[in-house]
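Engineer: For the record, the sequence lines run as chains H and Y.
With our numbering, the residue at position 65 of the first sequence is 65, and numbering never jumps.
With our numbering, the residue at position 106 of the second sequence is 228, and numbering never jumps.
My structure is below; once you've seen it, I'll send some questions.
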Amino acid sequence: QVQLQESGPGLVKPSQTLSLTCSVSGGSISGGDYYWNWIRQNPGKGLEWIGYIYYSGSTYYNPSIKSRVSMSVDTSKNQFSLMLSSATAADTAVYYCARGFTIRGVIALDYWGQGTLVTVSS
Amino acid sequence: QSVLTQPPSVSGAPGQRVTISCTGSSSDIGAGYDVHWYQQLPGTAPTLLIYGHTNRPSGVPDRFSGSTSGTSASLAITGLQAEDEADYYCQSYDSNLSVVFGGGTKLTVL
């Protein structure tokens, strides 16, 4: 059973970089044709996809926040990471990591982490 | 504002059938992109409920079914149970080949 676990600071100051790591267990991040995603959910709101990274390091980001997003993968540690620069209060959200597989080219997210709340505040 | 439009809320009594719509456009669902559905129980992470329009992952009861026609998709839940009370999200792709979600629908079991 694949499991994902987010980790990182729960509090980030405005204008700083929000950094999170997702640790994957129960399966290799470089095994199989999977995409490793970040999704966030503002308090009381809906889901927003941030982007994905493939085990090879190739990435695809949501155009709406692409200029501030960077993702990386460490296959030796079976982890992938999110960095969101110039954080503002609008970035306060529960951040989820999730595994994605494609069906007819469209990613479906079959395993999710429990989520971690990140608050952007001074 | 979400690319995919869902009703904010739906409700039904135990045992009834409810449907949740997900309306898109010719740039997303209408372009032929598959639709997936997620269930988010209160205080938990979303879980995959339906993928590829109609397929259920292992463990999902057959009370849940999905369909797609034209620029819209629907999730149907039959034999409504109290444990089905949750938020439901549809998901597909847009013209940028980005993952897009519906705004979510809160299901209340009366």
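Even glycine gets a Cβ: it sits at the ideal position worked out from N, Cα and C.
Predicted, not measured: the structure shown is a model, and the values here were computed from it.
From Gln1(H), Ser7(H), Pro14(H), pick the residue whose C-alpha is nearest to that of Val120(H); which is it?
Structural biologist: Per the Cα distances, Pro14(H).
Engineer: Assuming Leu197(Y) contacts Gly134(Y) (C-beta within less than 8 Å), just tell me the rounded distance between them.
Structural biologist: With 8 Å as the limit, Leu197(Y) and Gly134(Y) do not qualify as a contact, their Cβ atoms being about 13 Å apart.
Engineer: Taking CB distances under 8 Å as the criterion, tell me whether Pro172(H) reaches chain Y.
Structural biologist: Residue 172(H) falls outside the range modelled here, since chain H spans only 1 to 122, and no answer is possible.
Engineer: Can you give the Cα-Cα distance for Thr227(Y) and Pro129(Y), rounded to whole angstroms?
Structural biologist: Looking at the two C-alpha atoms, the distance is approximately 6 Å.
Engineer: Kindly indicate the opening and closing residues of the beta strand (DSSP E) around Ser196(Y).
Structural biologist: First-last of the beta strand (DSSP E) with Ser196(Y): 194-199.
Engineer: Between Ser7(H) and Thr116(H), is the Cβ-Cβ spacing less than 8 Å?
Structural biologist: Closer than 8 Å, so yes.
Engineer: Report yes if the C-beta distance between Ser86(H) and Arg68(H) is below 8 Å; otherwise report no.
Structural biologist: Contact: yes.
Engineer: Going by the CB atoms, is the gap between Ser217(Y) and Ile151(Y) shorter than 8 Å?
Structural biologist: In this structure, Ser217(Y) does not lie closer than 8 Å to Ile151(Y) by Cβ.
Engineer: Within the continuous beta strand (DSSP E) that includes Asp184(Y), where are the two ends?
Structural biologist: Asp184(Y) -> no beta strand (DSSP E), and no H or E assigned at all.
Engineer: Could you compute how far the alpha carbon of Leu232(Y) sits from the alpha carbon of Ala167(Y)?
Structural biologist: Cα to Cα, Leu232(Y) sits roughly 23 Å from Ala167(Y).
Engineer: Please classify Ile172(Y): does DSSP put it in a helix, a strand, or coil?
Structural biologist: Of the three classes helix, strand and coil, the one that applies to Ile172(Y) here is strand, per DSSP.
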